[in-house]
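Enquirer: The structure that follows is given in the form of structure tokens.
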Amino acid sequence: MILITGATGHIGSAVLEQLLRKLPASQLAALVRDEAKATHLKAQGVDIRGGDYRDPASLEQAMQGISKVLLVSGGGDEDGLQQHCNVVDAAKKAGVGCIGYTSRALREPATLVNQLMERHFQTEDYIRASGLPYLLFRNILYMDTLPQFVGPQVFEKGIQLPAGQGRVAFALRRDQGEAIANVLADDSCQNRILTFTGAATYSFADVAQALTELSGRPVEYTPVEEPEFMARLRTQGLPEVAVERITGFLTDIKNGQESTVTAELADWLGRPPTPLKEGVKEIFKL
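FYI, UniProt numbering numbers position 19 of the sequence shown as 19, with every residue one higher than the one before it.
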């Protein structure tokens, strides 16, 4: 049986949706904190298991009878790494035969500005040290996050970010979730690292051009310096930790951290991943 954690979240849902196409629901389980949010999965025959990354006992109970588990990375909590370790520990105690993890495709982890991302590679190290057979899914930045970066007034004000001419091999979340599911359903779990990216890289100037062409409204990308951008975020009332993380994320893009391109996503999809313009049309409903 395959257990998906974070099963009602974005990537967890995408993985389960594809697994339900490939495997009987009786072979699938979902770890959720709030079982009321998983009624749609239960109705499809998925085994719903309550559990919390902070509660080792609940995790150990949820792992019973599981042969393979996908650990979907948590959020930005200060104890996020410990939460991940709790899941790995529970899987090992329960005798799970394979653990997958949704990590990140970043070019040089040692030089990251956004230090929150380091947690992914610390989790990878912990998984390796556990001795469990593993599948590490290094995912590129989800194209679906573009609205968060460009803001709700993108058609009025354009795009102003400290990302320079940095390029990103954006891929849709559902494409990456589908590929992860295909690996979980078919792979033998022999300590593999899979790097899932789009087939090409794009700058925010390319994003602006796609928005312009699709909407018929001119959208321009203007690179700005980090201090100006941080000051703008502060005037919006964001806490300093959020200001630093958002700016660090964009600085990493500027520095080429998100520019890796591989064919592995296409290979596991059996088709090319969704290109930028097609994805932007879908995301922005244009």
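In this text, a Cβ means the ideal position worked out from N, Cα and C, and glycines have one as well. All figures in this text were calculated on a predicted structure; none of them were measured in a lab.
1. Verify whether the separation of the beta carbon atoms of residue 154 and residue 259 is less than 9 Å.
2. With a Cβ-Cβ cutoff of 9 Å, do residue 127 and residue 159 count as a contact?
3. Tell me where the alpha helix (DSSP H) around residue 246 begins and ends.
4. Pick from 95, 37, 284, 277: whose alpha carbon is nearest that of residue 209?
5. Secondary structure at residue 85, three-state DSSP: helix, strand or coil?
6. With residue 271 and residue 76 assumed to form a contact (beta carbons below 8 Å), what rounded beta-carbon distance in angstroms separates them?
7. Might you give, ordered along the chain, the residues of its own chain that have their beta carbon closer than 7 Å to the beta carbon of residue 218, omitting 5 neighbours on each side?
8. Give me the Cβ distance between residue 253 and residue 163, rounded to the nearest whole Å; I'm assuming they're in contact under 8 Å.
9. With DSSP as the reference, label residue 232 as helix, strand or coil.
10. At a Cβ threshold of 9 Å, is residue 14 touching chain B?
11. Could you give the residue range of the alpha helix (DSSP H) that holds residue 174?
12. Touch check for the stretch 59-72 and the stretch 108-115: three-plus C-beta pairs under 8 Å?
13. With DSSP collapsed to three states, give me the class of residue 150.
14. For residue 125, count the other beta carbons within 10 Å of its own beta carbon; 16 or more makes it buried, fewer makes it exposed. Which is it?
15. Would you mind stating whether residue 275 and residue 198 have Cβ atoms separated by less than 9 Å?
16. Out of 120, 92, 23, 84, which one is the CA nearest neighbour of residue 44?
17. So is residue 182 buried or exposed if we call it buried at 16+ other beta carbons inside 10 Å?
18. Could you check which residue in 133, 85, 94 has the C-alpha nearest to that of residue 189?
19. Residue 62 and residue 51 look like a contact to me (Cβ under 8 Å); what is the Cβ gap, rounded to whole Å?
20. CA-CA distance, residue 94 and residue 9?
21. Could you compute how far the alpha carbon of residue 56 sits from the alpha carbon of residue 86?
22. Flag this pair as yes or no: are the beta carbons of residue 265 and residue 171 separated by less than 9 Å?
23. Roughly how many angstroms lie between the CA atoms of residue 247 and residue 116, to the nearest whole one?
24. Quick one: residues in its chain with C-beta nearer than 8 Å to the C-beta of residue 243, no 5 flanking neighbours on either side, listed in chain order?
Expert: Result, derived from the coordinates:
1. No, they are not a contact pair.
2. No, Cβ-Cβ distance for residue 127 and residue 159 is not below 9 Å.
3. Residue 246 -> alpha helix (DSSP H) spans 240-254.
4. Ranking 95, 37, 284, 277 by CA distance to the CA of residue 209 puts 277 first.
5. The answer is helix: DSSP assigns residue 85 an H, G or I state.
6. The Cβ separation is near 33 Å, so there is no contact.
7. Around residue 218, the same chain offers 212 as residues with beta carbons nearer than 7 Å, after the five sequence neighbours per side are excluded.
8. Contact holds; Cβ gap of about 5 Å.
9. Secondary structure of residue 232 (DSSP, three-state): helix.
10. Checking the listed chains, one finds no chain B in this structure; it contains a single protein chain.
11. From DSSP, the alpha helix (DSSP H) with residue 174 extends over 173-186.
12. Of all C-beta pairs linking the stretch 59-72 to the stretch 108-115, fewer than three are shorter than 8 Å, placing the two stretches out of contact.
13. Note: residue 150 maps to helix in three-state DSSP.
14. The residue in question, residue 125, is exposed, as its Cβ has fewer than 16 Cβ neighbours within 10 Å.
15. Yes, they are a contact pair.
16. Check the Cα spacing between residue 44 and each of 120, 92, 23, 84: the tightest is with 23.
17. Per the 10 Å Cβ criterion, buried.
18. Per the Cα distances, 133.
19. That belief holds up - the Cβ atoms of residue 62 and residue 51 are roughly 4 Å apart, short of 8 Å.
20. When rounded, the distance between both Cα atoms is 24 Å.
21. Cα to Cα, the separation comes out at about 6 Å.
22. Between residue 265 and residue 171, the C-beta spacing is below 9 Å.
23. Answer to the nearest angstrom: the Cα atoms are 12 Å apart.
24. Once the five neighbours on either side are set aside, the close Cβ partners of residue 243 are 230, 233, 234.
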